[in-house]
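Read in order, the letters of the sequence shown correspond to residues 6 to 468 in the working numbering.
Contents: one structure, followed by commentary.
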Amino acid sequence: MTTGAMRATGQAVRGAELKAMLQAALENLRRHREEVNALNVFPVPDGDTGANMVLTMQAAWKAIEGREQDHAGEIMRAAAHGAIRGARGNSGVILSQIVRGMAEAVGGTPALDADAWARAFRQGQRVAYHGVMQPVEGTILTIIQVIAEASEHAAALSDDIGFLLITSLNKARDALAQTPDLLPILKEAGVVDAGGAGLVYLLEGMTYAVTGEALPAVAPPPTVQPHLESLPDEWGYDIQFLVLDAASDEETIRRELIALGGESIVVGRTGRVAKVHVHGEEPGRFLTYGASLGPLDDIVVENMTLQTLRRKGVELEGITAPARSPGEEALCIPVVAVTPGEGFAQVFRSLGACQIVAGGQTMNPSAEAILQAIESISESEAIVLPNNKNILMAARQAAELSEKRVFVVESRTLPQGVAAMFAYRPQSRAEENADLMRQALADVRTIEVTRAVRQAAIHGVHV
Numbered sequence: 006m007t008t009g010a011m012r013a014t015g016q017a018v019r020g021a022e023l024k025a026m027l028q029a030a031l032e033n034l035r036r037h038r039e040e041v042n043a044l045n046v047f048p049v050p051d052g053d054t055g056a057n058m059v060l061t062m063q064a065a066w067k068a069i070e071g072r073e074q075d076h077a078g079e080i081m082r083a084a085a086h087g088a089i090r091g092a093r094g095n096s097g098v099i100l101s102q103i104v105r106g107m108a109e110a111v112g113g114t115p116a117l118d119a120d121a122w123a124r125a126f127r128q129g130q131r132v133a134y135h136g137v138m139q140p141v142e143g144t145i146l147t148i149i150q151v152i153a154e155a156s157e158h159a160a161a162l163s164d165d166i167g168f169l170l171i172t173s174l175n176k177a178r179d180a181l182a183q184t185p186d187l188l189p190i191l192k193e194a195g196v197v198d199a200g201g202a203g204l205v206y207l208l209e210g211m212t213y214a215v216t217g218e219a220l221p222a223v224a225p226p227p228t229v230q231p232h233l234e235s236l237p238d239e240w241g242y243d244i245q246f247l248v249l250d251a252a253s254d255e256e257t258i259r260r261e262l263i264a265l266g267g268e269s270i271v272v273g274r275t276g277r278v279a280k281v282h283v284h285g286e287e288p289g290r291f292l293t294y295g296a297s298l299g300p301l302d303d304i305v306v307e308n309m310t311l312q313t314l315r316r317k318g319v320e321l322e323g324i325t326a327p328a329r330s331p332g333e334e335a336l337c338i339p340v341v342a343v344t345p346g347e348g349f350a351q352v353f354r355s356l357g358a359c360q361i362v363a364g365g366q367t368m369n370p371s372a373e374a375i376l377q378a379i380e381s382i383s384e385s386e387a388i389v390l391p392n393n394k395n396i397l398m399a400a401r402q403a404a405e406l407s408e409k410r411v412f413v414v415e416s417r418t419l420p421q422g423v424a425a426m427f428a429y430r431p432q433s434r435a436e437e438n439a440d441l442m443r444q445a446l447a448d449v450r451t452i453e454v455t456r457a458v459r460q461a462a463i464h465g466v467h468v
């Protein structure tokens, strides 16, 4: 491998060159996304590590794409801000913390020489480890640790940035190959760590941007057959959100999430914005806690149990999800939810709802629209969540018109509908689930604020 394609030997990286390196890193990870997805068996085999890391780096790239300044530290800071706000999944949040740490180390540095890169990788490693409540070796954390050590060693020998990156990349590849020796579930599945592989591909893209050589060809994704008996019976929910203007520090947030029963906790922040990733059985309690810290944004709730059922024919609590051929309807729960926009539609889909009907306060759907959604569900029973009191009658009428056995759970607000979804139990019949979901409605109090269309006096109050 030769160096010096982007600069003379030893010349520091400035803003434009750093952008080119980060763009190459993203493009290389995109090329290997499906491969990284296929490697994903830890902490849960949900097959989305590659996608989550790509989305995180896309957010970092979007934050710097239009910037013209040549100050490398400012570019790195902007990339970190974008990565933290756009982080997805456990691997994405850890990746965002690596970028954040790198920005902390070199944010004030206009041009990054070999020593600056070594400092950046080391601080990226420190922040990433600090952001995880229980660091596990054999993961992306191990790879960034090796990169930090290799870059420090290389910087002590030479001021050549190409030499530093090549040395770090080779060491990272070796460490990735050894991850199955550190994490038994990887050895059982016959794979290396997915997050670690993603980080290696990011570093590979940066390195080849510096050397100017063509990236290696992409190998077909591996066929992975993990030992299903080693997987837990239930994985609960993956909950992610941003807290804007967060009132607590990272350590306090982690402690509180543990007290609430959270696992796989990763917390990071940039300025006053905190990114939270946690696995748990009751998403509502984590979102409520998050809201107590400050305004929430970019909320993602994913049902990991259903994700696993979609991906494999895993028998779970009496339910067997048959393996699907390409193009078949995705496994979901027989719920029709009425939502006013794509944001809430994504929330209900992530919780497993089979069908979404567009509707809300000023756009009440017809009984026919709800009926069509009911009929499109393959099962003989269905549950409808109107999520608005003005839609209750149309939902009931659709239920009467359907030949299926349909239960209308009288959710009058979107928060009630979300609470009802949390109460759903896959092993129960629709009628029993409808009862459980109705019970959940009673625990929800909703307050809505809207702008009046005209001045009026209501109960003596002028609005």
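For glycine and all other residues, C-beta sits at the position ideal for the given N, C-alpha and C.
- Beta-bridge pairing by DSSP links residue 37 to no other residue.
- Sixteen is the threshold: since fewer than 16 other Cβ atoms of the shown chains lie within 10 Å of the Cβ of residue 434, the residue is exposed.
- Pairing residue 78 with residue 112 gives a Cβ-Cβ distance under 8 Å.
- Between residue 438 and residue 430 a beta carbon distance of about 6 Å is seen, short of the 8 Å cut, so the two are scored as contacting.
- Assigned with DSSP and collapsed to three states, residue 182 falls in helix.
- Under a 10 Å Cβ-count criterion, residue 24 is classified as buried, with 16 or more other Cβ atoms of the shown protein chains found around its own Cβ.
- By the C-beta criterion, the stretch 198-211 is judged to be in contact with the stretch 144-163, since at least 3 inter-stretch pairs fall below 8 Å.
- Spatial neighbours of residue 300 in its own chain (CB-CB distance under 7 Å, excluding positions within 5 residues in sequence) are listed in chain order as 249 and 250.
- Remark: fewer than three beta-carbon pairs, one from each stretch, lie closer than 8 Å, so the stretch 130-143 and the stretch 165-172 are not flagged as touching.
- About 6 Å separates the beta carbon of residue 272 from that of residue 281, a gap short enough to meet the 8 Å contact definition.
- For the pair residue 187 and residue 194, the Cα-to-Cα distance works out to about 13 Å.
- Within the stretch 341-408, the complete beta strand (DSSP E) segments at least 3 residues long are 358-363 and 386-390, listed from N- to C-terminus.
- Ranking 275, 287, 256 and 254 by CA distance to the CA of residue 267 puts 287 first.
- The C-beta distance from residue 422 to residue 342 rounds to 6 Å, short enough to fall under 8 Å.
- In terms of CA proximity to residue 61, 92 leads the group 158, 92, 131 and 129.
- Membership of residue 145 in the alpha helix (DSSP H) is indicated by the continuous run 145-162.
- The stretch 154-162 makes contact with the stretch 112-129: 3 or more CB pairs, one atom from each, lie closer than 8 Å.
- Less than 8 Å separates the beta-carbon of residue 173 from that of residue 152.
- Checking the DSSP bridge columns, you'll see residue 117 partnered with 18.
- Straight-line measurement puts the Cα of residue 264 at about 27 Å from the Cα of residue 357.
- Secondary structure at residue 89: helix, using DSSP grouped into helix, strand and coil.
- When DSSP states are grouped into helix, strand and coil, residue 259 belongs to the helix group.
- If you check the CB distance, residue 380 and residue 412 do not come in under 8 Å.
- Here residue 53 is buried, its C-beta having at least 16 other C-beta atoms within 10 Å.
- Residue 262 and residue 221 have their alpha carbons spaced roughly 42 Å apart.
- Residue pairing by DSSP places residue 273 opposite 280 in a beta bridge.
- Within the DSSP bridge table, the entry for residue 285 names 242 as partners.
- Residue 351 has its alpha-carbon roughly 19 Å from the corresponding atom of residue 293.
- Around the beta carbon of residue 274, a 10 Å sphere encloses 16 or more other beta carbons of the protein chains shown; the residue is thus reported as buried.
- Ranked by how close their Cα comes to the Cα of residue 100, the residues 114, 74 and 56 have 56 in first place.
- For residue 247, the beta-bridge partners assigned by DSSP are 280 and 302.
- For residue 140, the three-state secondary structure derived from DSSP is coil.
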